[in-house]
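>
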Amino acid sequence: MVWQTCYLFHLPINSSLLGFTFFGTLCSYNFHWYFTPAAFGGSNKTAWSGRNKPVHATLFLIALVGALYCTWLLRAHWGWLLLTAFVTFLYSAPKVPHNWALHLQKIAVGKTIFLAFAWAHVTALLPLLVYNADQSDKAVFFVVNRFFLIYAICILFDYRDRESDRKEGIRSLLTWLEHEGILILFWTIMVAFGLSGILLYGQGMPLVSVVALSIPGLIVAGLQPYSMRHSGDYHYYFVLDGLMAFSVPLVALLDYGP
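In structure tokens form, the structure reads like this:
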């Protein structure tokens, strides 16, 4: 996803940024699952995580070292990196079993937005900031487009997890809304995603690239009914998670194709 941003905006690949993204993802993922109580989840993934806390702790520490090293290499942009880490932490912080974190369980209404923002920031906005690159409306609409796609996928994930969040005492927008309200939110986000794609084309993004960026969103929209009825790990962690990055091979294939 970082490569996609660099490719579309004609930026060189920054190995330190790729490393920060890789280690940061691994770090936040293992932090989140280390503190997820197995008793509150019914999936095989949650059960496995509950049995393998030492694995998550080890991977977290290794990834933390890697992320800190890459942060040092990118220290000229420490403010943006710190913002990414802070917002990502806000998503998982309510799961930490300490008194200060218990307060976050009551105010974590925006946790879905936190995660979507963190992903869009590090994969779409940060490459542009690191190179002080294109600051035009095209860049803005690209980042917004990526945010809406990721946010729609995060809504489906948090819809699946809302009962376990309620058991943990975590309040979010999706635990507060009824099913009909969540549907309205989801389709509002999808409409915004579509409009941002149109605006992106209007700002000079090649049509073939806009099509490649839009296809995953169309698939997410089509999978909405199935995703809200099924909670299988493979569907969520392979299909839906994969759709966040599915535009990457599409951009490459459509652009390099005959």
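The sequence shown begins at 2 in the numbering used here and counts up by one. The C-beta atom is built at its ideal place from N, Cα and C for all residues, glycine as well.
1) By DSSP, does glutamate 179 sit in helix, in strand, or in coil?
2) What is the DSSP secondary structure of glutamine 204, counted as helix, strand or coil?
3) Taking 8 Å as the threshold, find out whether the stretch 137-150 comes into contact with the stretch 224-239 through three or more Cβ pairs.
4) Can you name the start and end residues of the alpha helix (DSSP H) that valine 124 belongs to?
5) How big is the Cα-Cα spacing for threonine 26 and phenylalanine 90?
6) If we count Cβ pairs, one from each stretch, closer than 8 Å, do we get three or more for the stretch 182-190 versus the stretch 199-215?
7) Alpha carbon to alpha carbon, how far is arginine 76 from glutamate 179?
8) Given a threshold of 16 other Cβ atoms within 10 Å of its Cβ, counted over all protein chains shown, does alanine 68 qualify as buried or as exposed?
9) So, do the stretch 53-65 and the stretch 80-94 have three or more beta carbon pairs nearer to each other than 8 Å?
10) So, for isoleucine 14: in the same chain, excluding its five sequence neighbours on each side, which residues have a beta-carbon less than 7 Å away from its beta-carbon?
11) What is the residue span of the alpha helix (DSSP H) that asparagine 31 lies within?
This is what the structure gives:
1) Here glutamate 179 sits in coil by DSSP.
2) coil
3) no
4) Before going on, a small fix: residue 124 reads as threonine here, not valine. Unbroken run through threonine 124: none, as it is neither H nor E.
5) 11 Å
6) As far as the Cβ criterion goes, the stretch 182-190 does not touch the stretch 199-215, which means the pair count is below three.
7) 44 Å
8) buried
9) no
10) Trp4, Cys7
11) 16-35
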